[in-house]
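Protein sequences appear in the order of chains A and B.
Note that our numbering has the first sequence beginning at 1, numbered continuously upward.
Note that our numbering has the second sequence beginning at 1, numbered continuously upward.
Have a look at the structure below before the remarks.
Protein chains: 2
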Amino acid sequence: MTQTSARTGYAGAGPVAPATFERLALRPAGPGGVRIDGGFWGHYQVLNRHTTIPHGIRMLEETGSLHNLRLAAGISAGSAADYSMPLFRDSDVYKMLEAIAWERARGRDEASERFFADTVELLRQAQQPDGYLNSYVEVVEHGRRFANPAMGHELYCAGHLLQAAVADVRTAGNHSALADIAGRYADLIAQQLPGSLAGYVPGHPEIESALAEFARATGRPELITTAADLIARRGRATLNWHSFGPAYFQDDVPFEQADAIRGHAVRALYLLAGATDVYTETGRPGLLRAALAQWDDMVSGKIYLTGGVGSRHKDEAFGDPFELPPDRAYCETCAAIASIMWNWRMLLVTGEARFADLIERTLYNGFLSGLGLDGATFFYVNALQARTPVGRRPWYQCACCPPNIMRLLASLGHYVATCTGAGVQIHQFVGGRLGADVPGTGRLELEMTTGYPYEGVLRLRVLGAPGGHAELAVRVPAWAATVGAALNGRRLTSGPGDDHYLRVRRAWAAGDELDVEFPLHIRTIHPDPRIDAVRSCAAFERGPLVYCVEGVDVPGADGLADIWLPRGAEPAERPGMDVAGERVTALSVPGQVGAGRVHAWPYRHGAPRPSDGQLAARELTAVPYYARANRGDTEMRVWIPVSEDRQASGAARR
Amino acid sequence: MTQTSARTGYAGAGPVAPATFERLALRPAGPGGVRIDGGFWGHYQVLNRHTTIPHGIRMLEETGSLHNLRLAAGISAGSAADYSMPLFRDSDVYKMLEAIAWERARGRDEASERFFADTVELLRQAQQPDGYLNSYVEVVEHGRRFANPAMGHELYCAGHLLQAAVADVRTAGNHSALADIAGRYADLIAQQLPGSLAGYVPGHPEIESALAEFARATGRPELITTAADLIARRGRATLNWHSFGPAYFQDDVPFEQADAIRGHAVRALYLLAGATDVYTETGRPGLLRAALAQWDDMVSGKIYLTGGVGSRHKDEAFGDPFELPPDRAYCETCAAIASIMWNWRMLLVTGEARFADLIERTLYNGFLSGLGLDGATFFYVNALQARTPVGRRPWYQCACCPPNIMRLLASLGHYVATCTGAGVQIHQFVGGRLGADVPGTGRLELEMTTGYPYEGVLRLRVLGAPGGHAELAVRVPAWAATVGAALNGRRLTSGPGDDHYLRVRRAWAAGDELDVEFPLHIRTIHPDPRIDAVRSCAAFERGPLVYCVEGVDVPGADGLADIWLPRGAEPAERPGMDVAGERVTALSVPGQVGAGRVHAWPYRHGAPRPSDGQLAARELTAVPYYARANRGDTEMRVWIPVSEDRQASGAARR
């Protein structure tokens, strides 16, 4: 860490700003980085600022999260009985502070800043003299600290405090009082973990990447050692809770020996993010090896089409390979966010497009599905099939997801582009401005314009260029069958490299325009035949979007249990469909609808016979998955059974 | 109840002995009834007597269930910290007592009787002066009774106490001290429910059928009113617990208005059994109407091929229609038992074969799977697919299932036959003796011989007959395509009636022999195409048995994720296969095996292509589902994908 420890503060950096570059293929584009402005994500950032964050502040007050801290601070009188569970509510407050801090990139908001300052003061009062800070332990457990490693969530909450402080350090523009609070707690943790907490394994990872980033943001490399220690101590099966064995906690196998991604999905992914951070700073090869193996395991049979992960409700966990039920998919919004966070770190380390591809898929589908179009309703679970009508909620008792959405949206610009000595790489397509200091060359300033995800053109206009040659690299999405590009109106003949980046190297000048186009076609997607739960089904994608059919668009059918797709059906685009005020490109799908539910024993002896003749042709409408459940509670399905494979249901007595 | 209240005691009766006959199509064959002797179930009853029950007695001691009662009785010193959770362990003790009582039909066992007497004495000492009895409340809750309606399980435990007392009354042959204890508790319950517990709804039904049967066994018709009241008070959404809303408790809709079977499966089925009992005694038509509607709902899309029910792990609950994942099937053994108990009551009321069919299916598959061939290992969850190796356990911390298996096996003879004024009806096929008092005719004594479930012949030999004409009726299973019968060696030409019973009416004489044969063929079963999780799969049945493929029989394959069945594959019988010492008729299935797991994005754009060419032919062995997991931990699947519908998996970048 010596080469970069002078970067203390790293003002203007985003959530991930490595201090050591030698193991990075790519560096974040900051400081300054990308400012999203207009377009698809610009809309969401405005919504986040004006609706979602204010709504969240209200909900923290209404649901008792702030009251908990006031009890701990001694500002409000009350006892354990007045504490609002669950016990990790402090973390929701911290995530909200983090969101507000990142949101400062779009200008300070008076009400948000007032909330921020008041909350920091509240935290100051709730913090113990030695730096410890956790309202649940202080109010309910009479100060009995670290007594419940498996489910106590103390270092999880501490991690979110550190991440909020990182955001504050990088955006406050002056001294961060929050970082003082977080720093005192970090010092306590770093001091006690090798000593009085020598056997302690935190049940919910999160602290690892938080310590690493806090180390980077505040120039305390010793905290990297603490994070590394926390990863190294996992895997000795000390954690257990009811029927949730050590695998739930990623405590069954030492991290560096684990090839399988397993257990509670959010825990697994936060741990992987932290391990990737520690690898970046320390170069310990086993960490990267295990991370790559677990990534392979995840994307080859433990992931949904939406990028969502977590197949099981009971333990919110990854399932076995190919255990991917669409109806009981858990796909927690937080898991999508954690996946994006981890994949960004993997992209920085490897420079490989597959990580940016997965970020794109997750961002537009499994993540964005978690936020209603109104900006003030949410999904915690993002299943791919709703057999009975489901609807969004304004908040959750376990409210980890909503403020997590807010912090990701507020910091989204940081996940768009990177730079190297060669130039700039654009991984996600947004409208806005990019400014990157190309090491050894100079500053490149670009304006980015795109109708993505509904249109496939990205226009890059150079606003300012360094003197020498620099390369502009644009990721070609895995879904794109072809790509076209034009420089200042002249078609380029060279295609993308094997690494799936289209690269143009030249001495750029202000006014240069590079247009890149990925033609958008509707794609019919078939699942691996070993995914039992969606065998003989098809789904639709267009550009980065996964589509779904909603019950509200199939009136008169018996739910969506009996809709079908003839083999080879070709959907048509339906641009400009209004979904709760959002203009989307929907799909018109020539489908079929069955007669609905028959009350008969559902298992039949005898040769199956196709029964398409009993199906009535019906045009089905498919809307982008992220836009689901915004027109009242309704059924939904992403995967539609192919009728050619339909077998007769008998009316046999069992 | 006036006509029959003189039947107090009802010695020799089984678990269900209605006191009112006017709404019964069929009456239980008791007293005396059926004594199983030899054959398939005879073997299991011997195993139960000599292995399972003694094992259970040991486990009750080792795991603290008896210690809990000793704490309550003040025999052992200790406090709440010494109590072994979960809080409903008393019920496991009661179910064991019930099993021992029913087992007396095969002769008293000295060790079991000693345990029985000691435990009754322990209960006497633990019982409070006013009749209340619950070790958890007495030891841990300092006597704070009925404070946790949703999850406290107090009346659930009380119900199992009453059922044990019923068994004791009917088999003890003398005064039942257990019935005294149970009676005092029942009096307290009956007195307090309309008064101090006027708003109380018990979170786990069981007390309803227990009160009804205790009323029948002890001649206290007022307890039927109490049971009716408990059913009537459900449905006002007073029960709730964490994320388990009122539907989990069948408390969302009043019982008589509910057409859907829903919520926690064991709760739902015990409640339905109780409601059917109350209908039988009171004739309240709404109870039967709702029970029939919920039965239809269950068997048309909320039941597994094995007869198992409960699609969800998280809340051990019925799912939505057609939500029937084989891998995450819950299919708790207790739910199978509760289903058998309820279906028996429905059979008595309606006389319809469909209920006996479902008992058969559940008994041989979803129920029996819960017990290891060694008689001392168990499954709590009876999934239809194990993607990773699973194994049986000697006991469970939540040990509701093992003693439930024991009481059902010990009382199984009572579920075999019924009688009416016309004669005797045989619903299940066992080796043994049947004695039935045909009302108005006289006593019919039969010897029954069968190789069921592996052979399809049932031989009935008359040992003693009444003077007049009587009808022998034999259920023709729903799966039987044909049935043949011979009387004293002469083939009968008449077939079964529309009601699926083969009936022979005559003046029977000792020595008469009636042979009934259901030819056994291997049946290929296809699921309703709306059951997403097993679409394009097939399973195999033979006679009443469902089959499965186990990983241990497919060496070298990558688990069972990549085994396939060509369309139209014809399995062959493989009689006499040794499965852990059990001789079974296995199946030899001409299947296919794929190359195993490829690490690639599992969703592919483009037309699906059949890839049978990549599959290698492989003979697969299928064994009866009940015999699974007796040869070490292994993967398993009931449903095998049909390769014709197989689609290519791509190696595309996502």
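Ideal Cβ placement from N, Cα and C applies to all residues, glycine included.
Chain A within 8 Å of residue i, Cβ atoms only
{"i": "W601 of chain B", "result": "yes"}
{"i": "T388 of chain B", "result": "yes"}
{"i": "P529 of chain B", "result": "yes"}
{"i": "S112 of chain B", "result": "no"}
{"i": "R604 of chain B", "result": "yes"}
{"i": "D252 of chain B", "result": "no"}
{"i": "G613 of chain B", "result": "Model confidence at G613 of chain B stands at a pLDDT of 48, short of 50, so the residue's coordinates are unreliable; what they give is reported in the following sentence. By this cut-off, G613 of chain B is not an interface position."}
{"i": "V483 of chain B", "result": "no"}
Buried versus exposed, by CB contacts within 10 Å (16 or more), residue i
{"i": "T493 of chain A", "result": "exposed"}
{"i": "S243 of chain A", "result": "exposed"}
{"i": "D633 of chain A", "result": "exposed"}
{"i": "P529 of chain A", "result": "buried"}
{"i": "N174 of chain A", "result": "exposed"}
{"i": "G310 of chain B", "result": "buried"}
{"i": "Q428 of chain A", "result": "buried"}
{"i": "H313 of chain A", "result": "buried"}
{"i": "G613 of chain A", "result": "Any reading at G613 of chain A is ruled out, since the residue's pLDDT is 48, under 50, leaving its predicted position unreliable."}
{"i": "R637 of chain A", "result": "buried"}
Residue i (DSSP reduced to helix, strand or coil)
{"i": "D528 of chain A", "result": "coil"}
{"i": "Q614 of chain A", "result": "helix"}
{"i": "F115 of chain A", "result": "helix"}
{"i": "Q592 of chain A", "result": "strand"}
{"i": "F379 of chain B", "result": "coil"}
{"i": "H427 of chain B", "result": "coil"}
{"i": "F367 of chain A", "result": "helix"}
{"i": "C334 of chain B", "result": "helix"}
{"i": "C548 of chain B", "result": "strand"}
{"i": "R609 of chain B", "result": "Residue confidence is low: R609 of chain B scores 45 on pLDDT, short of 50, so the model does not pin down where it sits. Its coordinate-derived value is still stated next. Three-state DSSP puts R609 of chain B in coil, outside helix and strand."}
{"i": "C157 of chain A", "result": "helix"}
{"i": "F40 of chain B", "result": "helix"}
{"i": "D562 of chain B", "result": "coil"}
Residue j beta carbon less than 8 Å from that of residue i
{"i": "V93 of chain B", "j": "L178 of chain B", "result": "no"}
{"i": "V552 of chain A", "j": "R491 of chain A", "result": "no"}
{"i": "A167 of chain A", "j": "F214 of chain A", "result": "no"}
{"i": "Y625 of chain B", "j": "N240 of chain B", "result": "no"}
{"i": "I531 of chain A", "j": "V549 of chain A", "result": "no"}
{"i": "T418 of chain A", "j": "P54 of chain A", "result": "no"}
{"i": "M577 of chain A", "j": "A569 of chain A", "result": "no"}
{"i": "L565 of chain A", "j": "V589 of chain A", "result": "yes"}
{"i": "T420 of chain B", "j": "L66 of chain B", "result": "no"}
{"i": "G203 of chain A", "j": "F146 of chain A", "result": "no"}
{"i": "T362 of chain A", "j": "S339 of chain A", "result": "yes"}
Paired residues, beta bridge with residue i - DSSP
{"i": "M577 of chain A", "result": "A:V584"}
{"i": "E619 of chain A", "result": "A:P590"}
{"i": "F655 of chain B", "result": "The structure shown has nothing for residue 655 of chain B, since chain B only spans 1 to 654."}
{"i": "V516 of chain A", "result": "A:L458 and A:A485"}
Residue-chain proximity (residue i, chain B), Cβ-Cβ < 8 Å
{"i": "P402 of chain A", "result": "no"}
{"i": "T119 of chain A", "result": "no"}
{"i": "I261 of chain A", "result": "no"}
{"i": "T524 of chain A", "result": "yes"}
{"i": "D532 of chain A", "result": "yes"}
{"i": "H313 of chain A", "result": "yes"}
{"i": "F255 of chain A", "result": "no"}
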